[in-house]
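Peer 1: Below you'll find the structure I mean.
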Amino acid sequence: MNLAGLRTEVIGPVLTPDDDAYAQELSTFNLTVRHTPLVVVGATGPSDVQAAVRFAAAHGLPVAVLAAGHGSTTPSAGSVLITTRRMTGLNIDESGRTARVEAGVRWAELIEQAGKLGLGALNGSSPTVSVIGYTLGGGLGPFGRKYGYAADHVRSMDVVTADGELRTVTAQSDPDLFWALLGTKGNFGVVVAMEFGLFPIASFYGGGLFLPGELAGDVFHLFREWVADVPDEMSASVCLLNLPPAPFVPEPLRGRLVAHIRFAFLGDVAEGERLVAPFRALGEPVIDAVTELPYAAVAAVHSDPVDPMPVVEQATLLRELPAEAVDTILRFAGPGSDAPLVMAEVRHLGGALARPPATPNAVEIRHDARFSFFVAAVGPPTDDLTNYQRAFVGALDPWTTGRRYLNFMFAGDTAPATVALAYTDESFRRLREVKRRHDPSNVFRINHNIEPAA
Numbered sequence: 001m002n003l004a005g006l007r008t009e010v011i012g013p014v015l016t017p018d019d020d021a022y023a024q025e026l027s028t029f030n031l032t033v034r035h036t037p038l039v040v041v042g043a044t045g046p047s048d049v050q051a052a053v054r055f056a057a058a059h060g061l062p063v064a065v066l067a068a069g070h071g072s073t074t075p076s077a078g079s080v081l082i083t084t085r086r087m088t089g090l091n092i093d094e095s096g097r098t099a100r101v102e103a104g105v106r107w108a109e110l111i112e113q114a115g116k117l118g119l120g121a122l123n124g125s126s127p128t129v130s131v132i133g134y135t136l137g138g139g140l141g142p143f144g145r146k147y148g149y150a151a152d153h154v155r156s157m158d159v160v161t162a163d164g165e166l167r168t169v170t171a172q173s174d175p176d177l178f179w180a181l182l183g184t185k186g187n188f189g190v191v192v193a194m195e196f197g198l199f200p201i202a203s204f205y206g207g208g209l210f211l212p213g214e215l216a217g218d219v220f221h222l223f224r225e226w227v228a229d230v231p232d233e234m235s236a237s238v239c240l241l242n243l244p245p246a247p248f249v250p251e252p253l254r255g256r257l258v259a260h261i262r263f264a265f266l267g268d269v270a271e272g273e274r275l276v277a278p279f280r281a282l283g284e285p286v287i288d289a290v291t292e293l294p295y296a297a298v299a300a301v302h303s304d305p306v307d308p309m310p311v312v313e314q315a316t317l318l319r320e321l322p323a324e325a326v327d328t329i330l331r332f333a334g335p336g337s338d339a340p341l342v343m344a345e346v347r348h349l350g351g352a353l354a355r356p357p358a359t360p361n362a363v364e365i366r367h368d369a370r371f372s373f374f375v376a377a378v379g380p381p382t383d384d385l386t387n388y389q390r391a392f393v394g395a396l397d398p399w400t401t402g403r404r405y406l407n408f409m410f411a412g413d414t415a416p417a418t419v420a421l422a423y424t425d426e427s428f429r430r431l432r433e434v435k436r437r438h439d440p441s442n443v444f445r446i447n448h449n450i451e452p453a454a
């Protein structure tokens, strides 16, 4: 391999396993993932990405992409891996209510800047996730029931395709590629910049209500009934949370099971208080942090961890949440279960998340999914832990849609038949055809891969 030639073309670092900076360049959020590419390119801009893609294609190597490292699930051995953390351009058009971000921008930076202007975006639960990677996977966040998926509001993307060309793609310039990029992550190229719409979200009523674990049954059964009548302005989820007795955990939550209800309401504060009141009436809270919040404090809704850690996850989609499903969740993770989990979460979907977007994309779970279900544990992926999670999720099969959401697909979900579950049969055939046209050699295969049509 002509690494000397690649280094002359790339402004950023070009590293191999022999270089001292190699391991640091490959750091991820999920510490269970260890990347081992042949070459790492620390891209500073689109031209570095183009050089890396052309180098990979010339040597018959696959391309992998690493941004914040939350979605790292697929082994990168033998690849050319592009890191994007140096690509941090961020511009907000206040009057046009749009943002343009480069591939290394994380949600925390955009949330801060947009919040100063009285604007909000369709960010996810964690502020440390990369904006572009999250959006390419769909983008399910605290304001989804009101506005839909983040992917639904993308205006344009700058993408380096498998031939090393830099293209600006819109729904008008290339409707097939635009549609395919949104909902498939890195299957069709490296998106180096993205422009999308913002919303007038200066503040909202929300946050987290933590109730004692012994009330978990009351909380979950109330939640399944309560969601039947809430307006689209209310996005909510409920979670069984079992945090360790560690110094970074708030003292009231250390080493105990709690039921954590998360609210994000885009409406009148008094109406928000009325909607939350039934949960407050269940008993004395461990913590009640539900109040009127500025958009810049949106991370308080879920209070996701911000420090890297080893995480093992499983997820599925539910078409309904009857009492029997709730009882199953409580049996596996409720009081007395001694579950090896830190969380078991149900997110309410519906609203705008169930409606087709104005500009079509490949986020295909909206048709019949009413809830997302997710479990996570902290620690190495042992057989016992993985089997417990699979048994837990499998026990909910009577109420699942049979489909999967790409941003909640993990290391064990990369088999072709599993990847296909993120799409309708018709859409998956179309995606494979678009792949054949734009990446016939499947250069972009270090992901939940969509193989090109024959």
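Okay, so the sequence shown: first residue is 1 according to UniProt numbering, each after it adds one. A virtual CB, placed ideally from N, CA and C, is assigned to each residue, including glycine. Note that the structure is predicted; figures quoted are calculated from it, not measured.
Along the chain, where does the alpha helix (DSSP H) containing Arg256 start, and where does it finish?
Peer 2: Taking the sequence shown and counting its residues from 1, the one referred to as residue 256 is at position 256. Counting along the chain, Arg256 falls outside any alpha helix (DSSP H), and DSSP gives it neither H nor E.
Peer 1: Count the other C-beta atoms from every protein chain shown that fall within 10 angstroms of the C-beta of Met234, then say buried if there are 16 or more, exposed otherwise.
Peer 2: For the purposes of this step, residue 234 is taken as the residue at position 234 of the sequence shown. That one is buried.
Peer 1: I need the boundaries of the alpha helix (DSSP H) containing Thr372, first residue and last residue.
Peer 2: Residue 372 sits at position 372 when you count from the first residue of the sequence shown. According to the sequence provided, residue 372 is Ser. The question's Thr does not apply to it. Counting along the chain, Ser372 falls outside any alpha helix (DSSP H), though it belongs to the beta strand (DSSP E) covering 371-378.
Peer 1: Can you give the beta carbon distance from Arg100 to Ala228, rounded, assuming they're within the 8 Å contact cut?
Peer 2: Position 100 of the sequence shown, counted from the start, is the residue given in the question as residue 100. Position 228 of the sequence shown, counted from the start, is the residue given in the question as residue 228. The Cβ separation is near 39 Å, so there is no contact.
Peer 1: Near Val306, what residues of its chain come up, given a Cβ to Cβ distance below 6 Å and the 5 sequence neighbours on each side ignored?
Peer 2: On the sequence shown, position 306 is the one that residue 306 refers to. Taken in chain order, the residues that qualify are Thr128.
Peer 1: Using only CA atoms, which one of Gly412, Ala323, Val33 lies nearest to Pro379?
Peer 2: Position 379 of the sequence shown holds residue 379. This sequence places Gly at residue 379; Pro is not what is there. For the residues Gly412, Ala323, Val33, the minimum Cα distance to Gly379 belongs to Val33.
Peer 1: Can you give me the Cβ contacts of Asp368 inside the same chain, cut-off strictly under 6 Å, excluding the 5 residues immediately before and after it?
Peer 2: In the sequence shown, the residue the question calls residue 368 occupies position 368. So the qualifying residues of the chain are Arg319, Thr401.
Peer 1: Under the assumption that Val49 contacts Ala43 (Cβ atoms under 8 Å), give the Cβ distance between them as a whole number of angstroms.
Peer 2: For the purposes of this step, residue 49 is taken as the residue at position 49 of the sequence shown. For the purposes of this step, residue 43 is taken as the residue at position 43 of the sequence shown. Contact holds; Cβ gap of about 5 Å.
Peer 1: Taking the alpha carbon of Glu292 as the reference point, which residue from Glu284, Asp304, Gly272, Pro175 has its own alpha carbon closest?
Peer 2: To locate residue 292, count along the sequence shown from 1; it is residue 292. Among Glu284, Asp304, Gly272, Pro175, the Cα nearest to that of Glu292 is on Gly272.
Peer 1: Between the beta-carbon of Ala395 and the beta-carbon of Thr328, is there less than 9 Å?
Peer 2: Locating residue 395 in the sequence shown gives position 395, counting from the first residue. Locating residue 328 in the sequence shown gives position 328, counting from the first residue. In this structure, Thr328 lies closer than 9 Å to Ala395 by Cβ.
Peer 1: Am I right that Val10 and Val41 are in contact with their C-beta atoms under 8 Å? What's the rounded C-beta distance?
Peer 2: In the sequence shown, residue 10 corresponds to position 10, counting from 1. In the sequence shown, residue 41 corresponds to position 41, counting from 1. Val10 to Val41, Cβ: 6 Å. Contact.
Peer 1: Can you give me the Cβ contacts of Pro285 inside the same chain, cut-off strictly under 7 Å, excluding the 5 residues immediately before and after it?
Peer 2: Residue numbering aside, residue 285 sits at position 285 when the sequence shown is read from its first letter. Taken in chain order, the residues that qualify are Leu209, Phe210, Leu211.
Peer 1: Could you check the C-alpha separation between Gly197 and Ala150 for me, to the nearest Å?
Peer 2: By one-based count along the sequence shown, residue 197 stands at place 197. By one-based count along the sequence shown, residue 150 stands at place 150. Roughly 9 Å separates the two Cα atoms.
Peer 1: Taking 8 Å as the threshold, find out whether the stretch 428-438 comes into contact with the stretch 349-358 through three or more Cβ pairs.
Peer 2: No: fewer than three Cβ pairs fall under 8 Å.
Peer 1: Just checking my contact of Arg224 with Leu321 at CB under 8 Å: how many whole Å lie between their CB atoms?
Peer 2: Mapped onto the sequence shown, residue 224 falls at position 224. Mapped onto the sequence shown, residue 321 falls at position 321. Arg224 to Leu321, Cβ: 5 Å. Contact.
Peer 1: Taking a contact to mean a Cβ-Cβ separation below 9 Å, would you say Pro308 touches Asn91 in this structure?
Peer 2: Here residue 308 refers to the residue found at position 308 of the sequence shown. Here residue 91 refers to the residue found at position 91 of the sequence shown. No, the Cβ-Cβ distance between Pro308 and Asn91 is not below 9 Å.
Peer 1: Tell whether a beta-carbon distance below 9 Å holds between Leu241 and Pro278.
Peer 2: Within the sequence shown, numbered from 1, the residue matching residue 241 stands at position 241. Within the sequence shown, numbered from 1, the residue matching residue 278 stands at position 278. Against a cut-off of 9 Å, the Cβ pair of Pro278 and Leu241 comes out as no contact.
Peer 1: Check each candidate in Arg86, Asp19, Val419, Leu6 and name the one with the smallest Cα separation from residue 456.
Peer 2: The chain is shown from 1 up to 454; residue 456 falls before or after that span and cannot be answered.
Peer 1: Have a look at Ala415 and Arg145 and give me their C-alpha separation to the nearest angstrom.
Peer 2: By one-based count along the sequence shown, residue 415 stands at place 415. By one-based count along the sequence shown, residue 145 stands at place 145. Between Ala415 and Arg145, the C-alpha separation is close to 30 Å.
Peer 1: Could you give the residue range of the alpha helix (DSSP H) that holds Gly217?
Peer 2: To locate residue 217, count along the sequence shown from 1; it is residue 217. Counting along the chain, the alpha helix (DSSP H) containing Gly217 begins and ends at 216-226.
Peer 1: Three or more C-beta pairs under 8 Å: does that hold for the stretch 357-371 against the stretch 165-180?
Peer 2: Result yes; three or more Cβ-Cβ pairs closer than 8 Å.
Peer 1: Suppose you measure from the CA of Glu165 to the CA of Ala52; what does that come to, to the nearest Å?
Peer 2: The residue labelled residue 165 in the question sits at position 165 within the sequence shown. The residue labelled residue 52 in the question sits at position 52 within the sequence shown. Near 11 Å, if we compare the C-alpha coordinates of Ala52 and Glu165.
Peer 1: Using the beta-carbon count (16 or more within 10 Å), is Thr382 buried or exposed?
Peer 2: As a first step, residue 382 must be located in the sequence shown, where it is residue number 382. Classification of Thr382: exposed, given that the 10 Å Cβ count is below 16.
Peer 1: Would you list the one or two residues that DSSP bridges to Phe196?
Peer 2: For the purposes of this step, residue 196 is identified with residue 196 of the sequence shown, where counting begins at 1. DSSP lists Ala99, Val154 as partners of Phe196.
Peer 1: Which ranges does the alpha helix (DSSP H) cover as unbroken runs of at least 4 residues, wholly within the stretch 247-319, from first to last along the chain?
Peer 2: Runs of the alpha helix (DSSP H) inside the stretch 247-319: 269-280.
Peer 1: I need the DSSP call for Asp18, collapsed to helix, strand or coil.
Peer 2: On the sequence shown, residue 18 is found 18 positions in, with the first residue counted as 1. Here Asp18 sits in coil by DSSP.
Peer 1: Whose C-beta lies closer than 8 Å to the C-beta of Val14 among residues of the same chain, with five residues either side of it excluded?
Peer 2: As a working mapping, residue 14 is identified with position 14 in the sequence shown. Excluding residues within five positions, the ones whose Cβ falls inside 8 Å are Leu3, Leu6, Arg7, Val39, Val40, Val41, Gly42.
Peer 1: Just to confirm before moving on: does the CB-CB distance between Glu118 and Trp107 stay below 9 Å?
Peer 2: Position 118 of the sequence shown holds residue 118. Position 107 of the sequence shown holds residue 107. Just to set this straight, residue 118 is Gly in the shown sequence, not Glu. Going by C-beta atoms, Gly118 is not nearer than 9 Å to Trp107.
Peer 1: Label Pro250 either buried or exposed according to how many other C-beta atoms from any shown protein chain fall within 10 Å of its C-beta, with 16 as the threshold for buried.
Peer 2: Your numbering for residue 250 matches position 250 in the sequence shown. Exposed, since its Cβ has fewer than 16 Cβ neighbours within 10 Å.
Peer 1: Find the nearest neighbour of Val311 within the set Arg274, Phe248, Ala323, Val375, judged by alpha-carbon distance.
Peer 2: The residue labelled residue 311 in the question sits at position 311 within the sequence shown. Ranking Arg274, Phe248, Ala323, Val375 by Cα distance to Val311 puts Val375 first.
Peer 1: Nearest-angstrom Cα distance between Gly104 and Leu110?
Peer 2: Here residue 104 corresponds to residue number 104 of the sequence shown, with the count starting at 1. Here residue 110 corresponds to residue number 110 of the sequence shown, with the count starting at 1. Each residue's alpha carbon lies about 11 Å from the other.
Peer 1: Give the DSSP bridge partners of Ile92, in chain order.
Peer 2: The residue you call residue 92 lines up with position 92 of the sequence shown. BP columns for Ile92 point to Ala99.
Peer 1: Leu181 lies in the alpha helix (DSSP H); which residues open and close that run?
Peer 2: For the purposes of this step, residue 181 is taken as the residue at position 181 of the sequence shown. Segment 175-181, the alpha helix (DSSP H) holding Leu181.
Peer 1: Could you check how far apart the C-beta atoms of Asn442 and Thr74 are, in whole angstroms? I think they sit under 8 Å.
Peer 2: Here residue 442 is taken as the residue at index 442 of the sequence shown, counted from 1. Here residue 74 is taken as the residue at index 74 of the sequence shown, counted from 1. Not confirmed; about 13 Å, so no contact.
Peer 1: Is Arg355 buried or exposed, if buried means 16 or more other CB atoms sit within 10 Å of its CB?
Peer 2: In the sequence shown, residue 355 corresponds to position 355, counting from 1. Classification for Arg355: exposed.
Peer 1: Which term fits Val269, buried or exposed, when burial requires 16 or more other beta carbons within 10 angstroms of its beta carbon?
Peer 2: If you number the sequence shown from 1, residue 269 lands on position 269. The residue is exposed, with fewer than 16 neighbouring Cβ atoms inside 10 Å.
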